[in-house]
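Structure record follows, encoded as structure tokens.
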DNA sequence: CCCTGATTCGC
DNA sequence: GCGAATCAGG
């Protein structure tokens, strides 16, 4: 993958919008978050400064001598967290605002506990987040479960059950 | 351990 | 110029 004007443009835009390097990498595709960060610096785009959970002070390890450390020339910026998507709720009554992550559980006996969706958007999914889609892909409230996925599974324990229930067992499982 | 961005340096 | 490896921190 090479940095075409179009890709650089998208990178610049997404970075300005506050998306993390990994999210941008996921969106662009074909590049790692390191590649994104490296490009951001080469483009002299403003770095992220003290925004919730990131930022890193200057560093001076590795191979002394050659390569004079470049002084940081970053100007502080406004905090940058992707705006939370105003989405509709899903099978769980919603209270006020930020819902705490709830470990999806299941007691073989009787009750099935529906996990509260973390409401992640496509670019926020990782290898260990539940990728169960929720909502209408056409509408902008579409998102993914995002709870902790089971080992070697694209879904959390709850959605894995829904996804892989045997045909014979399928029947009265309200969605 | 998960994640974040920053930096270095071989290519 | 590129980005993996590495560092530093939440």
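Residue numbers (full-length UniProt numbering): 1 to 175. Glycine included, C-beta positions come from ideal geometry on N, C-alpha and C.
Quick one: residues in its chain with C-beta nearer than 6 Å to the C-beta of residue 14, no 5 flanking neighbours on either side, listed in chain order? 24
Does DSSP put residue 134 in a helix, in a strand, or in coil? strand
In terms of alpha-carbon separation, which member of 122, 130, 149 lies closest to residue 137? 122
How would you label residue 39, buried or exposed, when you count the other beta carbons within 10 angstroms and need 16 or more for buried? buried
Indicate the three-state DSSP secondary structure (helix, strand or coil) for residue 120 in the structure shown. strand
So, at 7 Å on beta carbons, what are the nonlocal neighbours of residue 28 in its own chain, with the 5 sequence-adjacent residues on each side left out? 7, 10, 11
If you run the structure through DSSP and keep just helix, strand and coil, what is residue 30? coil
Using the beta-carbon count (16 or more within 10 Å), is residue 41 buried or exposed? exposed
Does the distance from the C-beta atom of residue 144 to that of residue 125 stay below 8 Å? yes
Run the CB neighbour count on residue 157, radius 10 Å, all protein chains shown included, and call it buried at 16 or more, exposed below. buried
I need the DSSP call for residue 126, collapsed to helix, strand or coil. coil
In three-state terms, what does DSSP make of residue 148? strand
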